[in-house]
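Using the numbering used here, you'd call the opening residue of the sequence shown number 12 and step up by one each time.
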Amino acid sequence: MKDVKYIFITGGVTSSLGKGTLAASLAKLLQARGYSVTIQKLDPYINVDPGTLNPYEHGECYVTLDGAETDLDLGHYERFLNVPTGKVNNVTTGKIYQTVIEKERKGDYLGKTVQIIPHITDEIKRRIKLVSAGNKFEIVLTEIGGTVGDIESLPYIEAVRQLKWELGAQNCIVIHLTLVPYLAATGESKTKPTQHSVKTLLEEGIQPDILVLRTERNLNAGIKRKVALFCNVEEKAVVESVNVSTIYEVPIKMLDEKLDQTVLTKLGLPIGEAPDLTNWREFLKRLKNPKHSIKIGLVGKYVELPDAYKSISESLIHSGSTNECKINIDYIQSEDINETNMNERLGNLDGILVAPGFGARGIDGKIAAAKYARENNVPFLGICLGMQCAVIEFARNVLNLTGAHSTEIDHKTAYPVIDLMEEQKSVTDKGGTMRLGGYKCVISKNSKSYAAYGKTETVERHRHRYEFNDKYLDQFRDNGMIPVGINPDSGLVEIMELTDHKWFVGVQFHPEYSSTVINPHPLFVQFIKACINRKG
Ligand code: GLN
């Protein structure tokens, strides 16, 4: 069996330079050259997973098919590679310590003092290797969250140092992503922050093999040479990553910079044929040359931080490209809308998307948005809580069930049209206990959803505790809100549609988690098509 090759991506100078995009772009190029590749994210925080985090902290929580609540970077990995990730692809310090402490309690350490080195670092190394267990992948890219020099990332850097030593230089390389700021006052791009960041990495025992320099302006050869000399890396291993208009352009930029070739050479792997990126380039071409333009209102309560809806905004980009349509997202704070101002606030939209969420804040605005979409024949996509709001609105205003609600918000409501799932009633722990991951959905033939999917069965990802209350099924059906998607095993309602409407679809699941560049999600594609048609 051939050795698995490891690529580590660390970040320097500042956060938010786009390590996730770099990892995904490089992986895309390696995949396009015929290698089987996966990407893993190591997050240095102590939460066991980001499921319990407020989206304002780190953006959205991304859910994998196997039901893990993970960092949003995994979404980028899937959107670029079109290959599912899973539980093993996201590791946090919380998970590492949890495992080590459980082992200690069982007596597995045989009386030894349990320490960061070797016990925590060994567990980190085990988790890194686990991703490619059984040599499932030829190359594993591991992104290390945070910035080099942070106290909490030290054990991860130490684990990488050890792995580099154990596996040898040809099996394990480190790419360090840094920033080269441009100082307008002197008209210069400055390399000092990069030099300092590499110095920090060296102090922690790692000589990076490749440097990727994020920059707002193209760097001249002199700057790259200076960085190479001072940071002790080959000149061709200094790569610039200049700002681009879309993250989906980064693989093409990295190809131009020959990053994939440098990586393969360092890993002792054949470079092979030039990667086939035909589909990717076509996607970009459509994205950049739209024939239509529409405005979608994204109604949610975390809109001040667009990262909280990352997968949704990316899904809109994918489906926009398919439809050759530029999508302008109007992020609408649901707390700001109500029945009195909805005409004015929502009147200029070509489509309304009500976002997922938890808790009471902003719920009335979401219900008002669903009402506006229903009454004005505006294409509507309600996701998870968004679907639940559409159900509540229909119950109140069409079925005349005054005060109908979800028991999540009003546990004393006379009409609990959305109620806690049976299996959730005994659950007290918050972390990892929702209905999570992929579940089947059977779709009725005579529906907008069937027209979108073109098939009667699909699997979609979930993240919720509440569900449509079956008791009201007939009432809804008889009045024109139809459950067109049902889970065949549990009977749970998965999709609700209005019959008497251009395009009104509410889904209990999260289509946004499975939309990729190569496979835009069919519901998003049809939603956008309906919006374009309405605009005319
Ligand atoms: N809060 C709702 C539930 O738990 C919806 C969850 C969501 O939108 N992801 O059912």
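Ideal Cβ placement from N, Cα and C applies to all residues, glycine included.
It should be emphasised that the depicted structure is a prediction, and the values quoted were computed from it without experimental measurement.
- Ranked by Cα distance from Ser501, the options Tyr450, Gly233, Ala401, Ser322 are led by Tyr450.
- Contact between the region 532 to 541 and the region 386 to 404 is present, with at least three C-beta pairs closer than 8 Å.
- Judged by the Cβ position, Cys400 fails to qualify as a neighbour of ligand 1 at the 7 Å threshold, every heavy atom of the ligand being at least this far.
- In the pairwise beta carbon analysis, the region 506 to 521 is classified as touching the region 393 to 413: at least three pairs are separated by under 8 Å.
- In the displayed model, Met492 falls within a strand according to three-state DSSP.
- DSSP, reduced to helix, strand and coil, places Asp82 outside both helices and strands of the structure shown, so it counts as coil.
- The continuous stretches of alpha helix (DSSP H) do not include Leu447, which lies in the beta strand (DSSP E) extending over residues 446 to 454.
- Look at Phe391 here: in three-state DSSP terms it is strand.
- DSSP lists no beta-bridge partner residue for Gln272.
- Taking the CA atoms as reference points, Met445 sits about 54 Å from Gly233.
- Inter-residue distance for Tyr313 and Gly376 is about 13 Å (C-alpha atoms, whole angstroms).
- Taking C-beta atoms as the reference points, Ile150 and Val48 count as a pair closer than 8 Å.
- Taking the Cα positions, Lys264 is about 7 Å away from Ser252.
- Note that the C-beta distance between Val24 and Gly448 is not below 8 Å.
- Going by beta carbons, Lys441 and Thr103 fall outside the 8 Å limit.
- Using a Cβ distance threshold of 8 Å, Ile50 and Ile186 do not count as a contacting pair.
- From the listed residues Ile348, Pro166, Phe294, Leu316, the smallest Cα separation to Ile328 is found for Phe294.
- A heavy atom of ligand 1 is found nearer than 7 Å to the CB of Tyr477.
- Only residues of its own chain outside the window of five on either side were considered, and among them Gly31, Lys52 have a CB closer than 6 Å to the CB of Asp84, listed in chain order.
- Proximity of the beta carbon of Arg474 to ligand 1 is indicated: a heavy atom of the ligand is located closer than 7 Å.
- Only exposed fits Asn231, as fewer than 16 other CB atoms lie within 10 angstroms of its CB.
- The alpha-carbon separation between Glu471 and Ser525 amounts to approximately 8 Å.
- Across the structure, Gly78 and Ala34 are spaced so that their CA atoms are roughly 23 Å apart.
- Counting along the chain, no beta strand (DSSP E) covers Glu315, and no H or E run does either.
- Just so you know, the alpha carbons of Lys382 and Ala463 end up roughly 23 Å apart.
- A distance below 8 Å between beta-carbons, with the five flanking residues on each side excluded, links Gly373 to the following residues of its chain, in chain order: Gly311, Lys312, Gln344, Ser345, Glu346.
- For Gly368, the distance from the CB to the nearest heavy atom of ligand 1 is below 7 Å.
- The secondary-structure analysis by DSSP pairs His130 with nothing; it has no beta-bridge partner.
- The residue among Ile307, Ser304, Trp291, Lys513 with its C-alpha nearest the C-alpha of Val528 is Trp291.
- Secondary structure of Glu471 (DSSP, three-state): strand.
- Membership of Gln42 in the alpha helix (DSSP H) is indicated by the continuous run 30 to 43.
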